[in-house]
Amino acid sequence: MVSDGHRDLHEAARAYVARCYARPLTLAGLARALATSPRVLQRAYEQAGAGGFSEDLRARRMEAAATLLAEQPSIAVRDVARLVGYRTGAHFARAFGREYGVVPSQFRLRARRARSSGG
Numbered sequence: 011m012v013s014d015g016h017r018d019l020h021e022a023a024r025a026y027v028a029r030c031y032a033r034p035l036t037l038a039g040l041a042r043a044l045a046t047s048p049r050v051l052q053r054a055y056e057q058a059g060a061g062g063f064s065e066d067l068r069a070r071r072m073e074a075a076a077t078l079l080a081e082q083p084s085i086a087v088r089d090v091a092r093l094v095g096y097r098t099g100a101h102f103a104r105a106f107g108r109e110y111g112v113v114p115s116q117f118r119l120r121a122r123r124a125r126s127s128g129g
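The following block contains the structure:
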């Protein structure tokens, strides 16, 4: 069972990650921003049962990247990587491939085809 304090902390952490995912974020930095310790924050994520901080951050970044790739074809993939918080395009491409099963450029191509076919 999740205590109210841990639930509130988890919700505050997820809201912060949702707002600041493009910045360099660490568990320690997030804990400082929320005036708590990294261990207490880690425990709040564990008790919420929704994965940890790293998974939350990666999911937010991947969701934002997928939206940009699909909806903003004029933005280069390397710039999408930077906009969602990755320092290198190669690291972003590997993470994106693990998440979606295709490289970012292939994802963009599929999204373009889906739009043009009305799907």
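11 is the number of the first residue of the sequence shown in this note's numbering; add one for each residue after it.
Yeah, the Cβ is synthetic: ideal placement off N, Cα and C, and Gly gets one too.
This one's a predicted model, so the numbers in the text were calculated from it and none came from an experiment.
| Query | Result |
| --- | --- |
| Helix, strand or coil at Pro114 [DSSP, three-state] | helix |
| Touching by the beta-carbon criterion (3+ pairs, under 8 Å), the segment 43-54 and the segment 73-86 | no |
| Where the alpha helix (DSSP H) through Arg29 begins and ends | 14-30 |
| Ala80 beta carbon less than 8 Å from that of Ala121 | yes |
| Assigned secondary structure, Thr36 (DSSP; H/G/I helix, E/B strand, else coil) | coil |
| Spatial neighbours of Arg118 in its chain, beta-carbon cut-off 6 Å, leaving aside the 5 residues before and after | Leu79 |
| Closest Cα partner of Met72 within the set Ala103, Glu56, Ala43 | Ala103 |
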